[in-house]
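Visitor: If you scroll down you'll find the structure; I have some questions about it.
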Amino acid sequence: IPIRCEVKRAVNLEKQAVQLAVTFNSLTLMRRLRTNLQSTCPTPDLTHPFNSL
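Numbering (our numbering), first residue to last: 1312 to 1364.
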């Protein structure tokens, strides 16, 4: 059984999943930042992910 091939495939899938998660997170963060910039309310949102960074 070629275990090395399976390990390589699993690592590649994990890398792809991480890249997808990172791009999805950045897209949602940009979208939330854009909506926050469009909103005129000056009070900070405590549930916003940027405030928890």
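By construction, the Cβ of each residue, glycine as well, lies at the ideal position given by its N, Cα and C atoms.
Look at the alpha carbon of residue 1321 and the alpha carbon of residue 1332, and state the distance between them as a whole number of angstroms.
Guide: The residue you call residue 1321 lines up with position 10 of the sequence shown. The residue you call residue 1332 lines up with position 21 of the sequence shown. Their backbone Cα atoms lie some 16 Å apart in a straight line.
Visitor: Do you know how far the Cα of residue 1339 is from the Cα of residue 1346?
Guide: Taking the sequence shown and counting its residues from 1, one reaches residue 1346 at position 35. Taking the sequence shown and counting its residues from 1, one reaches residue 1339 at position 28. Distance between the alpha carbons of residue 1346 and residue 1339: 10 Å.
Visitor: Give me, in chain order, the residues of the same chain whose beta-carbon lies closer than 8 Å to that of residue 1342; leave out the 5 immediate sequence neighbours on both sides.
Guide: Here residue 1342 refers to the residue found at position 31 when the sequence shown is read from its first residue. Non-local C-beta neighbours of residue 1342 in its own chain, meaning closer than 8 Å and more than five positions away in sequence, are absent.
Visitor: Taking just the CA atoms, how far does residue 1329 sit from residue 1323?
Guide: On the sequence shown, residue 1323 is found 12 positions in, with the first residue counted as 1. On the sequence shown, residue 1329 is found 18 positions in, with the first residue counted as 1. For residue 1323 and residue 1329, the distance between alpha carbons rounds to 10 Å.
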